[in-house]
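Take 917 as the starting number for the sequence shown in our numbering and just add one per residue.
Take a look at the structure below.
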Amino acid sequence: MLEDLKQQVYEANMLLPEYGLAPFTWGNASAIDRQQGFIVIKPSGVPYPELSPQKMVVVSLDGEVVESSLSPSSDTPTHIELYKAFPAIGGVVHTHSVNAVAFAQAGRDIPAYGTTHADFSYGDIPCADALTDEEIGGAYEKNTGLVIARCFARRGLDPMAIPGVIVRNHGPFTWGKDAKKAAENAAVLEIVAKMARYTEQLSGGPTDRVGQSLLSKHYLRKHGKNAYYGQK
């Protein structure tokens, strides 16, 4: 079942090591078929060279395995909560990319310092709160998704305009219209995190963010209703 979606999710997962985001078995990508209410996701702990479309796992929105003899990614409950909270997204990616994780471990948003960031996100990439002891000791992965959803709700952020988050002491999650776009967003998030780190090294610490006019110009010319970036 969902053979086309399995192929798409497999290809998105294989982009993660290609982009340098997921050494060993770190990281996972998924996509959702909203009409059927099923998610396709990477199996847990399987090395990337051993993956295939047939090894992708189909789960329900309740987290039950619908098709596969393999266990789904341990982060599956986080993906599920993101799909529930953000109904416009079609794919989710989680990595432990170095620069994004550094900001997560520092407990800091990734600042929008320039137009590269503005082309990608309409503002800072938020750092969601650390999980409490109770949240860690309970349904940890589900609670990770709930912490992300709560962060966006509390700050009044649009997940389609800011397509990623970092979780305190953990790392980044990104999303998009499909799994491939979510993987691309994971790569861009890592790039802008690296640029922000270099900016602060050269500036001697946090510095002024890009102005609102330039932020809006670059974001809207690529993503706004009157966007003119690229070919028609």
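Think of the CB as a built atom: it goes at the ideal place given N, C-alpha and C, for glycine as much as any other residue.
Query	Result
Contact check, residue 992 vs residue 979 under 8 Å by CB: the rounded distance?	6 Å
Rounding to the nearest angstrom, what Cα-Cα distance links residue 989 and residue 957 in this structure?	7 Å
Need the endpoints of the alpha helix (DSSP H) that residue 1053 sits in, please.	1049-1053
Given a cut-off of 8 Å, decide if residue 981 and residue 959 are closer than it, judged by their beta-carbon atoms.	no
Can you tell me the Cα-Cα spacing of residue 1055 and residue 1010, whole angstroms?	18 Å
Verify whether the separation of the beta carbon atoms of residue 1082 and residue 1026 is less than 8 Å.	yes
Could you tell me which uninterrupted alpha helix (DSSP H) segments, each at least 4 residues in length, are contained entirely in the segment 1016-1051, listed from first to last along the chain?	1031-1036
If I'm right that residue 1095 touches residue 947 with Cβ under 8 Å, what's the distance once you round it to whole angstroms?	4 Å
Leaving aside the five residues before and after residue 1102 along the sequence, list all residues of the same chain whose C-beta is less than 6 Å from its C-beta, in chain order.	937, 1009, 1011 and 1090
Can you tell me where the alpha helix (DSSP H) holding residue 944 begins and where it ends?	That residue, residue 944, is in no alpha helix (DSSP H); its beta strand (DSSP E) goes 944-949.
For residue 1045, I'd like the list of residues in its chain whose CB is within less than 7 Å of its CB, leaving aside the five on either flank, ordered along the chain.	1063, 1067 and 1084
Can you give me the C-alpha to C-alpha distance between residue 984 and residue 1093, rounded to a whole angstrom?	25 Å
Please report the residue range of the alpha helix (DSSP H) in which residue 1159 lies.	Outside the displayed range of the chain (917 to 1148) lies residue 1159, so it cannot be described from this structure.
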